[in-house]
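These notes concern the structure reproduced below.
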Amino acid sequence: MTHLHGGRNSEESDGYTEAWYLPGALDLPAGYAEVGSFYEEFKEKFEDRFGDAWGRGDAVFQYANADRASTFWFHDHALGVTRLNVYAGLAGFYLLRGGPADLPAGVLPGPAPRPGDPPGRKYYEIPLAIQDRSFHVDGSLFYPAGRSAFDGFRGPYIPDSDIPPIWNPEFFGNTMVTNGRTWPVLRVEPRRYRFRLLNGCNSRYLILKIVTHPLANRPATPALPFCQIGSEGGFLPAPVQRDQVLIAPAERADVIVDFASVPVGTELYLINEGPDKAFQGGKAGTDYSPADPVTTGQIMKLVIEALTSPDTTVPPSQLSLPSFEPLGKASRIRRLSLSEQKSASLPNVGPRQMLLGTLDRNGAPVPMRWDDPVTENPALGATEIWEIHNFTKDAHPIHVHEVQFQVLDRQQAGRATRPAEPWENGFKDTAVAYPGAVTRLKATFDRAGRYVWHCHMLEHEDNEIMRPYTVG
1 MTHLHGGRNS EESDGYTEAW YLPGALDLPA GYAEVGSFYE EFKEKFEDRF
51 GDAWGRGDAV FQYANADRAS TFWFHDHALG VTRLNVYAGL AGFYLLRGGP
101 ADLPAGVLPG PAPRPGDPPG RKYYEIPLAI QDRSFHVDGS LFYPAGRSAF
151 DGFRGPYIPD SDIPPIWNPE FFGNTMVTNG RTWPVLRVEP RRYRFRLLNG
201 CNSRYLILKI VTHPLANRPA TPALPFCQIG SEGGFLPAPV QRDQVLIAPA
251 ERADVIVDFA SVPVGTELYL INEGPDKAFQ GGKAGTDYSP ADPVTTGQIM
301 KLVIEALTSP DTTVPPSQLS LPSFEPLGKA SRIRRLSLSE QKSASLPNVG
351 PRQMLLGTLD RNGAPVPMRW DDPVTENPAL GATEIWEIHN FTKDAHPIHV
401 HEVQFQVLDR QQAGRATRPA EPWENGFKDT AVAYPGAVTR LKATFDRAGR
451 YVWHCHMLEH EDNEIMRPYT VG
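Mapping of the sequence shown onto the working numbering: position 398 corresponds to residue 398, and the numbering continues sequentially without gaps.
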């Protein structure tokens, strides 16, 4: 079931997680359900709205493409197996261009790769999907078959306890893959490049830097800065210069890197200083150990080669980005929770599952499962603030379908409210909810229907940290 990540589409084209369907195969075992519980409903709605029929083993979606020019991506969203299908490769970029919120050709580095390009064509806008994977010795993908790979727990499992045997709380591969290739080499000229960065990892946060040596002591000294011009919902109000880019699973960063000052023949490296475990915030080398410099701490190599044509693009310091109109006044504030549950039958075993929910009148979390009644039901056209209270020890990337939201601020318990980071000042569809903090998001819900919101650590998403919500 395909979800266009960032797209603002009607409910039947959103990739609702219970509208899955099996292929139109001849060898399905007798008694197997071939479609999810919402497939038929959305099939009828789509046919009524667009006149196109869905057949056995397929679905047809209609994307309005009416959003701001943005870096979207798409991936499978089937209930309970999203982590496996995305890991297997069912994901890709979807770049939306044009309209009043884009820039004229020639202002930013280009071109980008397109189908039918002749061999050897030079590209100066390059989408980079960064993922972590593990492999068997024959080159096939490895994914752990049981929980013991995560924390050594070997049972008892369900039905003798409440711990499911197949769920890993998180997954961290030992190999970095960019656009499907392990530790690739990219040859670049001494000029400006536009990189569309996507964290396509299941659970891993990335902290990206460009450095002169791949094994440099962490935290390493950056060799070149990134100039971020956009996030998930299109261009930022103004460019933001960054020495490093923190990017959570499912987040995107549209950045410019200027290699003009780097001598031909120089070798640079895109590295990762995020941890080889769940991210909890803080600084590399101080609050957590960075990724292994030999493996997961390296992303790709950059080799500077001779300039083949003059760079006529606009320097980032002189860029004037498309106008940005913030959302209006909110009519309601919702208080929501993020919590973690340990085993109820085995001491000191957990986490058993992650849960979203609401808060009671005393501010305590009220955890809810996927199949509990809907509690978030904005009126059509309403603008709301969602306060997400994170009661867990980890940072969770929260993704809300159907909308592009603004990150307002964050507040740790007992501390002053901290505004959104400069690179979060545009529209987003995924935001980091830090542990022990309240993260406030504002969104306008302008399409009626049934959607979902969830954590985008895929192992979490597949084990209950996802909730349906309805608009209208």
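Cβ coordinates follow ideal geometry from the N, Cα and C atoms, glycine included.
Residues near residue i by beta carbon distance below 6 Å, same chain, minus five either side
i    : result
L26  : none
E125 : P109, G110, A112, R194
L279 : This sequence places Phe at residue 279; Leu is not what is there. Closer than 6 Å at the Cβ level, and outside the excluded window around F279, lie Y205, A395.
G57  : P23, G24
H460 : M354
F61  : S13
L327 : T383, Q406, K442, T444
D258 : R192
F171 : N202, S203, E459
A448 : L380, V471, G472
Host beta strand (DSSP E) of residue i (start-end)
i    : result
F226 : 226 to 231
T2   : 2 to 5
F259 : Careful: F259 lies outside any beta strand (DSSP E) and carries neither H nor E.
F46  : Where F46 is concerned, there is no enclosing beta strand (DSSP E), although the alpha helix (DSSP H) it sits in stretches over 39 to 50.
F445 : 437 to 445
W423 : Counting along the chain, W423 falls outside any beta strand (DSSP E), and DSSP gives it neither H nor E.
V240 : 234 to 242
R410 : 406 to 412
E474 : Shown here, the chain extends from 1 to 472; a query on residue 474 therefore has no answer.
T470 : 466 to 471
W386 : 382 to 390
A64  : No beta strand (DSSP E) holds A64; DSSP gives it neither H nor E.
L246 : 245 to 247
T430 : 430 to 433
Where residue i falls: helix, strand or coil (DSSP)
i    : result
H460 : helix
N482 : It is not possible to answer for residue 482, since the shown part of the chain is limited to 1 through 472.
E12  : helix
E402 : coil
H536 : Residue 536 lies beyond the stretch modelled for the chain, which goes from 1 to 472, so this question has no answer here.
G449 : strand
T21  : Reading the sequence as shown, one finds Tyr at residue 21 and not Thr. Y21 falls in the strand class under three-state DSSP.
Y269 : strand
R252 : strand
R264 : Residue identity check: residue 264 is Val in the sequence provided, not Arg. Residue state, collapsed to three classes: coil.
K209 : strand
A53  : coil
Own chain partners of residue i with C-beta closer than 8 Å, once the 5 adjacent residues on each side are dropped
i    : result
P435 : Q280, G281, N390, T392, K393, D394, A395
V86  : H75, D76, G200, N202, L458
N348 : K342
Own chain partners of residue i with C-beta closer than 7 Å, once the 5 adjacent residues on each side are dropped
i    : result
L28  : L22, E34
A53  : E47
V374 : P468, Y469, T470
L90  : H75, D76
A223 : I210, V211, T212, L268
P378 : E384, F445, V471
A149 : N168
L79  : T17, E18, W20, G36
E251 : N199, E232, P397, T430
Cutoff 9 Å: residue i Cβ touching any chain C Cβ
i    : result
T286 : In the structure shown, chain C does not exist; there is a single protein chain.
Requested in this report: Mind listing, in chain order, the continuous beta strand (DSSP E) runs of no fewer than 3 residues lying wholly within the stretch 288 to 373?
Outcome: 298 to 304, 332 to 341, 353 to 359, 365 to 368
Query raised in the report: Within the chosen definition, does the stretch 282 to 301 reach the stretch 150 to 166 through at least 3 CB pairs nearer than 8 Å?
Result: no
Requested in this report: Count the CB pairs spanning the stretch 30 to 45 and the stretch 377 to 397 that are closer than 8 Å, and state whether there are at least three.
Outcome: no
Requested in this report: Report the residue ranges of all alpha helix (DSSP H) runs contained in full by the stretch 112 to 195; include only those spanning at least 4 residues, in chain order.
Outcome: 148 to 151
Query raised in the report: In chain order, which alpha helix (DSSP H) runs of at least 4 residues are fully inside the stretch 66 to 97?
Result: 82 to 88
Requested in this report: Say whether the stretch 220 to 237 touches the stretch 260 to 277, bearing in mind that this needs 3 or more beta-carbon pairs closer than 8 Å, one atom from each stretch.
Outcome: yes
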